[in-house]
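Basically the numbering used here = 1-based index in the sequence shown + 116. The beta-carbon is built from N, C-alpha and C at its ideal position, and this holds for glycine as well. Reviewing the structure listed below.
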Amino acid sequence: MSIQENVARIRADIEKAAIAAGRDPKEIQLCAATKMNDAENVRQAIAAGVDCSGENRVQELTQKLSENAYQGAPVHFIGHLQTNKVKQVVGKVDLIQSVDRPKLLQCIQEEAARQGIVQDILLEINIGEEESKSGFSRSDILPLVEKMADFPNVRVRGLMAIPPICEDPGGNDKFFLEIRNLAVDITEKKYDNVSVDILSMGMSGDYADAIRCGSTMIRVGTAIFGARNYDTSHQK
Ligand SMILES: *Cc1c(COP(=O)(O)O)cnc(C)c1O
């Protein structure tokens, strides 16, 4: 299957899942998770109509930016971001989806202020409370968004979550629904610098479930590009 065929099939799935849930398919954006794919693959995905690209590693982001790989669609950062690399990401991407700790939020604020911009972000939630994953816990979020007026160069656009790995269909629904309920709580309270229009949840294995549970942005890698080759000796 070509990238174009894969994107078309995923679009059809999005439409089906949205309609079954009584939602407008246009509410759901398709973000291509582009890690370990070269500029040519990224260009093909954008030509096939993905809404945005999501990059995991700063080095890959910088490389592909220099190749104009993301031209024609927004680019997001979706990976774990070290504070010493914040300068290479703030102002370079439309949205940082993976803001997962207070120190990173503070560094993004400082760098955005230095550049004189407002950086859009999502707050990443470690919804399964897994040791191996980064992210705020659910209970951190309300106290944090209450303080967002202290971060004038950062605008929260929503929430991002990576639930535990789960093979059963519907197995992560409870987590997706928790995120959705949290978004409703935040919206009702109307905080400064905070909106929750974007709920970034759902990947290749569970995007239909995530859409049924309220996702507005799915991040899809394997189902667009095929399996990633983790053998670094072949990495370009
Ligand atoms: C790789 C990745 C994805 C996509 O995963 P697939 O299972 O290949 O669709 C989504 N989100 C993040 C943060 C990722 O790193």
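Handout entry: Inter-residue CB distance, R254 and L298 (contact presumed, cutoff 8 Å)
Key = 6 Å
Handout entry: N345, buried or exposed, once every other Cβ within 10 Å from all chains shown has been counted against 16
Key = exposed
Practice task
Give me the Cα-Cα distance between I119 and P141, rounded to the nearest whole angstrom.
Solution key: 21 Å
Problem - With 16 other Cβ atoms within 10 Å as the buried cut-off, status of T338 - result: exposed
Handout entry: R335 Cβ short of 7 Å to ligand 1 heavy atom set
Key = yes
Exercise for the section: Decide yes or no for the touch test of the segment 119-135 against the segment 299-314: beta carbon pairs closer than 8 Å, at least 3 of them. Expected result: no
Problem - heavy atom of ligand 1 below 7 Å from K151 C-beta - result: yes
Practice task
From the DSSP output, in three-state form, read off S134 for me.
Solution key: Before going on, a small fix: residue 134 reads as Ala here, not Ser. Reduced to three states, the DSSP call for A134 is helix.
Problem - C-alpha gap between F292 and S331, whole angstroms - result: 8 Å
Exercise for the section: Could you tell me if the beta carbon of N122 falls within a distance shorter than 7 Å of some heavy atom in ligand 1? Expected result: no
Exercise for the section: Identify the continuous beta strand (DSSP E) that holds V191 and give its terminal residues. Expected result: 191-193
Handout entry: Cβ neighbours of V158 in the same chain (closer than 8 Å, five flanking residues each side left out)
Key = A148, T150, S169, K180, A185, Y186
Practice task
Tell me, to the nearest whole angstrom, how far the beta carbon of N242 is from that of G251; I am working on the premise that it is less than 8 Å.
Solution key: 3 Å
Exercise for the section: Under 7 Å Cβ to Cβ from S214, same chain only, skipping five residues before and after it: list those, please. Expected result: F193, I194, G195, H196, L197, E240, M276
Handout entry: Among V261, F267, E246, the one whose alpha carbon lies nearest that of Q222
Key = F267
Handout entry: Close beta carbons around Q145, own chain, < 6 Å, minus the five adjacent residues each side
Key = D167, M333
Exercise for the section: List the whole-angstrom C-beta distance separating V234 from V270, where the pair is believed to meet the contact cut-off of C-beta under 8 Å. Expected result: 7 Å
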